[in-house]
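Numbering (this note's numbering), first residue to last: 17 to 204.
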Ligand SMILES: [Zn+2]
């Protein structure tokens, strides 16, 4: 395996679903982490950024493959982000069609101008609104200047996810398979 590819593989993040720690993992691909990381508010004048997370649900697992970037009509200040641009929905629709209708809306991401971010009360209220109408867990990610906060939402409950131990990474990775035409629907 070429070194660059090896590094990319190693950079993927695997987390434990706090609502189902025995059975459910979240895989966030390295491209998502680097695309979101590019909007870290390192510059003190930088505005918050955000978008939606797209990917796949496979049995109890979640797999995030795309983070949409902020668009021109999103409302962005140093301490707030409101996702108003139509580009997020447009990307979601085109990726859904391109994936033969298997790609799903998995969650939301935005940045905070703090080193190690924590959700604000407004964040939690907005996430609860999103989860209220859905049966499946949703993923919420806040990218800080140094670290990130990643959590799951189910109904009104929002819980932080923890990183899977290194020993579980290989197993989880092999279970979180990439999209293939013949496994487009998981009926479990
Ligand atoms: Zn926030």
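From the three backbone atoms N, C-alpha and C, an ideal C-beta is built for every residue, glycine too. As the structure is a computational prediction, the values presented were derived from the model and not from experiment.
Cβ-based neighbour list, residue i, same chain, cut-off 8 Å, excluding 5 preceding and 5 following
{"i": "residue 145", "result": "none"}
{"i": "residue 210", "result": "The first residue shown for the chain is 17 and the last is 204, placing residue 210 beyond what the model contains."}
{"i": "residue 78", "result": "33, 40, 41, 42, 43, 71, 72, 122, 153 and 155"}
When the options are compared against residue i, the one with the closest alpha-carbon
{"i": "residue 47", "options": "150, 32, 82 and 172", "result": "82"}
{"i": "residue 119", "options": "68, 149, 50 and 147", "result": "68"}
{"i": "residue 45", "options": "59, 70 and 169", "result": "70"}
{"i": "residue 85", "options": "150, 124 and 176", "result": "124"}
{"i": "residue 170", "options": "111, 108 and 154", "result": "154"}
{"i": "residue 57", "options": "182, 116 and 128", "result": "128"}
{"i": "residue 152", "options": "28, 40, 27 and 30", "result": "40"}
{"i": "residue 95", "options": "177, 27 and 62", "result": "62"}
Cβ shell of residue i (< 7 Å), same chain only, five flanking positions each side left out
{"i": "residue 126", "result": "64, 65, 66, 97 and 158"}
{"i": "residue 219", "result": "Because residue 219 is not part of the residues shown, which for the chain are 17 to 204, the question remains open."}
{"i": "residue 76", "result": "36, 39 and 40"}
Sequence-distant residues of the same chain with beta carbon closer than 6 Å to residue i, five excluded per side
{"i": "residue 174", "result": "140, 143 and 167"}
{"i": "residue 22", "result": "At residue 22, the pLDDT of 46 sits below 50, so the modelled position is not reliable and the matter cannot be decided from this model."}
{"i": "residue 275", "result": "Missing from the structure shown is residue 275; the chain here goes from 17 to 204 and no further."}
{"i": "residue 80", "result": "44, 48, 69, 71 and 122"}
### Message
Counting beta carbon pairs with one atom in the stretch 128-140 and one in the stretch 102-110, are three or more of them shorter than 8 Å?
### Response
no
### Cβ contact check for the stretch 127-137 and the stretch 157-164: 3 or more pairs under 8 Å
yes
### Query
Considering only residues of the stretch 98-166, which uninterrupted beta strand (DSSP E) runs meet the minimum length of 3 residues and lie entirely inside it, listed in chain order?
120-127 and 154-159
#### Entry: Cβ contact (3+ pairs, closer than 8 Å) linking the stretch 25-43 and the stretch 89-98
no
### Task
For the stretch 35-98, list the alpha helix (DSSP H) runs that are entirely contained and at least 4 residues long, ordered along the chain.
46-53
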